[in-house]
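Structure record follows, encoded as C-alpha cells.
2 protein chains.
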Amino acid sequence: MAESKSELLLNLIKEYITQTLPSVSLDLVIFGFHDGQLKILLMRLLHTEHWCLPGGRIYQEEDLEAAAYRSLQERTGLHELFLQQFYTFGDVARYRHYTNREAIAKLGLPDWFTKDVNLISRDVSVGYYALVEFTRASPTPDLFADECRWWNIDEVPTLLFDHNRMIQVALKTLRRQLSYQPIGYNLLPDKFTMPQLQQLYETILGQSMDRRNFQKRILSYDILERLEKLQNGKAHKAPYLYRFNMDQYQKALEEERFLF
Amino acid sequence: MAESKSELLLNLIKEYITQTLPSVSLDLVIFGFHDGQLKILLMRLLHTEHWCLPGGRIYQEEDLEAAAYRSLQERTGLHELFLQQFYTFGDVARYRHYTNREAIAKLGLPDWFTKDVNLISRDVSVGYYALVEFTRASPTPDLFADECRWWNIDEVPTLLFDHNRMIQVALKTLRRQLSYQPIGYNLLPDKFTMPQLQQLYETILGQSMDRRNFQKRILSYDILERLEKLQNGKAHKAPYLYRFNMDQYQKALEEERFLF
DNA sequence: TATCATTGTGTCAATAATACACACTGGCGA
DNA sequence: TCGCCAGTGTGTATTATTGACACAATGATA
Numbered sequence: 001m002a003e004s005k006s007e008l009l010l011n012l013i014k015e016y017i018t019q020t021l022p023s024v025s026l027d028l029v030i031f032g033f034h035d036g037q038l039k040i041l042l043m044r045l046l047h048t049e050h051w052c053l054p055g056g057r058i059y060q061e062e063d064l065e066a067a068a069y070r071s072l073q074e075r076t077g078l079h080e081l082f083l084q085q086f087y088t089f090g091d092v093a094r095y096r097h098y099t100n101r102e103a104i105a106k107l108g109l110p111d112w113f114t115k116d117v118n119l120i121s122r123d124v125s126v127g128y129y130a131l132v133e134f135t136r137a138s139p140t141p142d143l144f145a146d147e148c149r150w151w152n153i154d155e156v157p158t159l160l161f162d163h164n165r166m167i168q169v170a171l172k173t174l175r176r177q178l179s180y181q182p183i184g185y186n187l188l189p190d191k192f193t194m195p196q197l198q199q200l201y202e203t204i205l206g207q208s209m210d211r212r213n214f215q216k217r218i219l220s221y222d223i224l225e226r227l228e229k230l231q232n233g234k235a236h237k238a239p240y241l242y243r244f245n246m247d248q249y250q251k252a253l254e255e256e257r258f259l260f
Numbered sequence: 261m262a263e264s265k266s267e268l269l270l271n272l273i274k275e276y277i278t279q280t281l282p283s284v285s286l287d288l289v290i291f292g293f294h295d296g297q298l299k300i301l302l303m304r305l306l307h308t309e310h311w312c313l314p315g316g317r318i319y320q321e322e323d324l325e326a327a328a329y330r331s332l333q334e335r336t337g338l339h340e341l342f343l344q345q346f347y348t349f350g351d352v353a354r355y356r357h358y359t360n361r362e363a364i365a366k367l368g369l370p371d372w373f374t375k376d377v378n379l380i381s382r383d384v385s386v387g388y389y390a391l392v393e394f395t396r397a398s399p400t401p402d403l404f405a406d407e408c409r410w411w412n413i414d415e416v417p418t419l420l421f422d423h424n425r426m427i428q429v430a431l432k433t434l435r436r437q438l439s440y441q442p443i444g445y446n447l448l449p450d451k452f453t454m455p456q457l458q459q460l461y462e463t464i465l466g467q468s469m470d471r472r473n474f475q476k477r478i479l480s481y482d483i484l485e486r487l488e489k490l491q492n493g494k495a496h497k498a499p500y501l502y503r504f505n506m507d508q509y510q511k512a513l514e515e516e517r518f519l520f
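Protein chains in written order, with my numbering: chain A, 1 to 260; chain U, 261 to 520.
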C-alpha cells in the first residue's frame with residue numbers, strides 16, 4: 001500500500017515541478033483623509049492613461065507583511081503606518097476580465113516580454129490597506145508608473161485589473177474594522193479637534209452622526225486627551241484640541257472592544 | 261527621462277525573471293461540531309507521527325476559491341459547504357521556525373527532492389476555514405498523509421509549520437464572524453433543537469449563555485422555522501425541532517446585521 | 001406515583017443608544 | 001460698537017436593547 005502511494009507521490013511531484021504554482025504579489029489600497037474627503041492613492045501606468053493601485057512584489061527572503069510595509073514606504077515616503085491585510089484575490093479572470101491589454105502593450109516593452117515572461121500572467125494578489133496622514137505623504141510613482149497621486153474616493157475612475165473591486169472590499173473591511181477598533185491615528189494630525197475626528201468617522205462610514213452623542217461616545221473610550229483650546233482666528237468659539245493617548249489606544253486596539 | 265526609466269525597467273524585469281516570486285498554496289481549517297465539542301480535521305504526514313492542517317495547491321487555470329472548495333471536497337467528500345478565506349500567511353520563518361525537517365526527511369523522498377525542488381521552500385499560504393457537518397464528512401488523507409481524522413479543538417497537538425497559529429487566527433475570525441452573520445447551517449443537521457443550537461454558539465464562543473435570552477434573540481432574527489416536537493424517548497419534556505429558513509438566512513448573511 | 005433531568009416561557013431592572021435645544025465665543029460687516 | 005453668524009460646548013429625557021432571574025410542564029425511570 002505504502003509503495004503504490006509513494007509512486008503516486010513521485011508522479012505528483014513531477015507534475016508539481018513542471019507545472020509551477022501561481023506566484024503571489026500584493027496590492028495596496030492607501031487611504032488618506034483631507035478636507036472632509038476620503039482619498040486613495042493611485043498610479044498611472046507608464047505611457048498610458050490607465051490608473052491602478054500601487055502594487056508590490058515579495059522577495060524570496062522577505063516576510064509578506066514586511067513587503068507590504070516596504071511597498072507602502074516606497075509609495076508614500078512614510079513608515080510606521082497603520083497597515084492591514086484585508087483579502088487575497090485569486091480569480092484567474094481578474095486579469096482577463098479587467099485588464100486592458102492594449103494598455104500593457106503600450107508600456108514599450110519588447111515583444112518577448114509580454115508574451116513569454118508573463119508579467120501579467122495569472123497570479124494571486126494579497127490586498128493590504130493603509131491609513132495615511134494625507135499631509136505627510138509624498139506620493140511617488142514606481143518604475144511602472146508615470147504618475148502617482150491622490151483621488152477622491154468617489155471620483156476614482158475605472159481601474160485596470162480587479163482594482164475597483166479591491167477598493168470596495170478594502171472599504172468594507174475598513175468600515176467593519178472601525179466598529180471594533182479605534183481608527184484615526186495615522187489619518188489625522190497629532191492634534192485635532194473633535195469635529196475633525198467626527199468628520200473622519202462620518203466620511204469613512206458614509207453617514208452623519210449627532211455631535212453630542214459622538215463626543216460622549218468617543219470620550220467614554222478613554223483614548224483621548226484634551227489639550228488647550230485651538231486659537232485659529234475663526235469667527236466662532238475656539239474648539240479644544242485632542243490627541244490620542246497611545247497607551248489606551250493600543251490597549252483598545254488589542255482588546256477589540258470598541259463598538260461603533 | 262522616459263528613456264532612463266525604460267532602462268531601469270528592463271533591468272528590473274531581468275531581476276524579476278531570474279529571481280522568481282514566492283509561490284502560493286492554501287491551508288484549510290475545517291471545523292466540525294459533535295457532542296458539544298468543536299473539532300478540527302488534521303492529517304498525519306506520511307511515515308511520521310507529525311500532524312498538520314490539510315492543504316491544497318492552486319492550478320494555473322483555477323480560481324483561488326475554487327481550489328479551496330476542491331481541496332475541501334477531497335478531504336471531506338462534501339461540497340456546497342461554508343468556506344471562508346480568513347488570512348494569508350507569508351512569514352519566511354513560518355517554515356524555519358515551525359518545521360520539523362527530520363519529519364520531512366522521513367517522507368521517503370529522494371535526496372534531490374528536499375534539497376533542490378523545495379517542496380518546503382518558502383511560500384505564501386492562503387488560509388480558509390470551513391464549517392462542516394461532522395456526521396456527513398468522511399475524512400480522507402491525501403497523498404502526503406497516512407491518516408486524516410477529527411481532533412477536539414482543545415486536544416490539538418503541536419502541528420508542523422505555523423499551523424497552530426493558523427487555527428488560532430481561524431477561530432478568532434470565526435468568533436467575530438459569528439457576531440455579524442448567522443452560523444449554524446453546515447454545522448448542524450437539517451433539523452435541530454434550540455439547546456443544540458445554543459450549545460454550538462457556546463462552544464464556538466467559549467462562554468455559556470442564558471437559555472431564555474438566547475432563544476429570544478435567535479428567534480428575533482427570523483431565520484428559524486419551528487417544526488414538530490422531537491420524540492426522542494428522553495426522560496424529560498420533548499424539545500421542538502427547528503430548521504433554518506434559508507431565504508431569511510441568506511438575507512441575514514448578506515446584510516451582516518446579525519449582532520451577537 | 002414520586003423523582004429527576006430537561007424543556008418552555010415572561011417580567012423587571014439596568015444599561016446603552018438616541019433624540020433633542022440652548023448658551024457661549026469670536027470675528028465680521030453694517 | 002453692536003448685532004449677526006458660524007461653529008462650538010454641554011445635559012437630560014426618552015426609547016430600545018440587554019441581562020438577570022424562577023417556576024411550571026413533560027416523560028421516562030425507579
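Glycine residues also receive a C-beta, built at the ideal position from the N, C-alpha and C atoms. These figures come from a predicted structure and were not determined experimentally.
With a minimum length of 3 residues, the unbroken runs of beta strand (DSSP E) contained wholly in the stretch 373–417 of chain U fall at 383–392 and 405–412. Think of a sphere of 8 Å around the beta carbon of Asp-91/A: the chain U residues whose beta carbon falls inside it are Asp-323, Leu-324 and Glu-325, in chain order.
Listed in chain order, the non-local C-beta contacts of Glu-202/A below 8 Å within the same chain comprise Ser-208 and Met-209, local neighbours out to five positions each way being set aside. Chain-ordered, the chain U residues with CB closer than 8 Å to the CB of Gln-85/A read Tyr-347 and Thr-348. Assignment of Asn-505/U by DSSP, reduced to helix, strand and coil, places it in the coil class. Burial state of Pro-189/A is exposed, judged by a 10 Å Cβ sphere holding fewer than 16 other Cβ atoms. By the 16-neighbour rule on beta-carbons within 10 angstroms, Ser-385/U is buried.
CA-to-CA, the gap between Gln-73/A and Arg-136/A works out to about 12 Å.
Of all alpha-carbon atoms in Arg-436/U, Trp-311/U, Glu-340/U and Thr-336/U, the one lying nearest the alpha-carbon of Glu-325/U is that of Glu-340/U.
The Cβ atoms of Pro-401/U and Arg-304/U lie closer than 9 Å to each other. Below the 8 Å Cβ cutoff, chain U contributes Gln-320 and Glu-321 as neighbours of Arg-122/A, in chain order. For Tyr-329/U, the enclosing alpha helix (DSSP H) covers residues 324–336. Annotation for Ile-427/U: the continuous alpha helix (DSSP H) segment containing it runs 423–440. Against Ser-25/A, the close residues of chain U are Leu-281, in the order they occur along the chain (beta-carbon pairs closer than 7 Å).
Between Phe-82/A and Leu-187/A, the CB-CB gap stays under 9 Å.
Taking CB atoms only, Arg-176/A has a neighbour in chain U less than 9 Å away. Under the three-pair Cβ rule at 8 Å, the stretch 286–304 of chain U counts as touching the stretch 313–323 of chain U. Shown here, Phe-520/U sits in coil according to DSSP, grouped into three states, outside any helix or strand. Nearest Cα to Gly-292/U within the set Ile-443/U, Asn-473/U, Lys-476/U and Phe-346/U: Ile-443/U. Nearest CB-CB separation between Arg-57/A and chain U: below the 9 Å threshold. Between the alpha carbons of Val-169/A and Gln-177/A lies a distance of about 12 Å. Between Arg-94/A and the set Leu-227/A, Leu-159/A and Leu-21/A, the nearest pair of CA atoms involves Leu-159/A. Val-126, Leu-143 and Phe-144: these are the residues of the stretch 126–158 of chain A whose beta carbon lies less than 8 Å from some beta carbon of chain U, given in chain order. In this structure, Tyr-129/A places its C-beta atom within 9 Å of the C-beta atom of Val-29/A. Pairing Phe-504/U with Glu-488/U, the inter-Cα distance amounts to about 14 Å. In the DSSP assignment, His-294/U is bridged to Gln-297/U. At a Cβ-Cβ threshold of 9 Å, Ile-413/U and Gln-320/U do not count as neighbours. Taken through DSSP and simplified to helix, strand or coil, Met-303/U comes out as strand.
DSSP, read as helix, strand or coil, puts Ser-480/U in helix. Taking CB atoms only, Tyr-240/A has no neighbour in chain U less than 9 Å away. Here the C-alpha atom of Ala-328/U lies approximately 7 Å from the C-alpha atom of Leu-286/U.
If you check the CB distance, Ile-223/A and Tyr-249/A come in under 9 Å. Going by DSSP, Gln-467/U is part of no alpha helix (DSSP H) at all; its letter is neither H nor E. The alpha-carbon of Met-426/U is positioned some 12 Å away from that of Leu-434/U.
Between the alpha carbons of Asp-351/U and Asp-422/U lies a gap of roughly 9 Å.
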